[in-house]
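Per this note's numbering, the very first residue in the sequence shown carries number 2; after that it's consecutive.
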Amino acid sequence: DAHLEGAYLFDAYLEGAYLLDTHLEGANLSSAHLEGAYLFDAKFSPDTKLEDADWGNYILGWEKKGHFGIAEGVYRCLKLWYTTAGMYDIAAKFYYREKEANRKGLKLFSKSSWNHRLAAEFMRAVFGYGEQWLNILFLIAVVIFGLAAAYYFWGSFSSSSFWDTLYYSAVSFTALGYGQWAPQPTGWAKVAGAAEAIIGVFMMALLLVTFVRKWTR
Numbered sequence: 002d003a004h005l006e007g008a009y010l011f012d013a014y015l016e017g018a019y020l021l022d023t024h025l026e027g028a029n030l031s032s033a034h035l036e037g038a039y040l041f042d043a044k045f046s047p048d049t050k051l052e053d054a055d056w057g058n059y060i061l062g063w064e065k066k067g068h069f070g071i072a073e074g075v076y077r078c079l080k081l082w083y084t085t086a087g088m089y090d091i092a093a094k095f096y097y098r099e100k101e102a103n104r105k106g107l108k109l110f111s112k113s114s115w116n117h118r119l120a121a122e123f124m125r126a127v128f129g130y131g132e133q134w135l136n137i138l139f140l141i142a143v144v145i146f147g148l149a150a151a152y153y154f155w156g157s158f159s160s161s162s163f164w165d166t167l168y169y170s171a172v173s174f175t176a177l178g179y180g181q182w183a184p185q186p187t188g189w190a191k192v193a194g195a196a197e198a199i200i201g202v203f204m205m206a207l208l209l210v211t212f213v214r215k216w217t218r
């Protein structure tokens, strides 16, 4: 319960420091080194200065210790402070850590939370909780090239060229329409192409939403 209101802590080395219930209203923490600090119930105010604070990899002490519920609350507090200050890139880092702490706190084999844990795992892997649009681009490439390879090795097409099956996969994914020059599949490849179109519409929409959310803040 330390009172550090208005304290000048510029460039202070506070890595791993226990600042539980510390009053930091109006304190100057600019360029302070806060990697791994314990900030449970620390009090910040709009005039607290956290500009250029060094958070390292943004993983704070409570998460490292496995206290994910406490870590989630601390990350949420810092996310809100940086959002209010207009520092959206840093706020996004703490939003990601908040969601990670929430995911880690969900037990995979618990009857009451396994479905939430699986949903969190999906959101983390596919689009990084809305913060990592490059994840979606990577998955799009995996789907297109992976199915193109499957069509080439195991499918039955009017053309045996890999580039033709890649074209068929890309056009199926984007649902643009095949055209008369597209290779004509038979058997399971037709069904796979239809399924790929549905997956493609979903993933393109997800990419657009994530991209817009990331770059219009």
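Every residue, glycine too, gets a C-beta built ideally from N, C-alpha and C.
Relative to the C-alpha of D48, which residue among Y14, Y9, I199, I200 is closest? Mapped onto the sequence shown, residue 48 falls at position 47. Selected option, being the one with the closest Cα: Y9.
So, for L20: in the same chain, excluding its five sequence neighbours on each side, which residues have a beta-carbon less than 7 Å away from its beta-carbon? For the purposes of this step, residue 20 is taken as the residue at position 19 of the sequence shown. A distance below 7 Å between beta-carbons, with the five flanking residues on each side excluded, links L20 to the following residues of its chain, in chain order: A38, Y39, L40, A43.
Contact under 8 Å by Cβ, G17 with G62: To locate residue 17, count along the sequence shown from 1; it is residue 16. To locate residue 62, count along the sequence shown from 1; it is residue 61. The beta carbons of G17 and G62 sit closer together than 8 Å.
Whole-Å CB distance - A176 paired with V192, under 8 Å assumed: Along the sequence shown, read from residue 1 onward, the residue named residue 176 stands at position 175. Along the sequence shown, read from residue 1 onward, the residue named residue 192 stands at position 191. No, A176 and V192 are not in contact; Cβ-Cβ is about 15 Å, not under 8 Å.
The region 147–160 / the region 116–135 touching (three or more Cβ pairs under 8 Å): Flag = no, the region 147–160 and the region 116–135 do not touch.
Could you check if T166 is buried or exposed, using at least 16 other CB atoms within 10 Å of its CB as the buried criterion? Against the sequence shown, residue 166 aligns to sequence position 165. T166 should be labelled buried.
Let me check one thing: in DSSP terms, what residues is P184 bridge-paired to? The sequence position of residue 184 within the sequence shown is 183, counting from 1. Assignment of beta-bridge partners to P184 by DSSP yields no partner.
Taking contact to mean at least 3 C-beta pairs separated by less than 8 Å, is the region 73–80 in contact with the region 108–118? No, because fewer than three Cβ pairs between the region 73–80 and the region 108–118 fall closer than 8 Å, the two stretches do not touch.
When the cut-off is 8 Å and only beta carbons count, does S111 lie next to chain C? Looking for chain C here will not work: only one protein chain is present.
Is it buried or exposed, L109, if we count other Cβ atoms within 10 angstroms and call 16 or more buried? Counting from one through the sequence shown, the residue named residue 109 turns up at place 108. When all chains shown are included, L109 counts as exposed.
Do you know offhand how far G67's Cα is from T187's? The residue you call residue 67 lines up with position 66 of the sequence shown. The residue you call residue 187 lines up with position 186 of the sequence shown. Taking the Cα positions, G67 is about 53 Å away from T187.
Take A141 as the anchor and find which of S170, S162, E122, G106 has the nearest alpha-carbon. The count along the sequence shown starts at 1 and reaches residue 141 at position 140. Per the sequence shown, the amino acid found at residue 141 is Ile instead of Ala. From the listed residues S170, S162, E122, G106, the smallest Cα separation to I141 is found for S170.
Would you tell me roughly how many angstroms separate the C-alpha atoms of A126 and E52, rounded to the nearest one? As a position in the sequence shown, residue 126 is number 125, starting the count at 1. As a position in the sequence shown, residue 52 is number 51, starting the count at 1. If I take the Cα positions, the gap works out to 30 Å.
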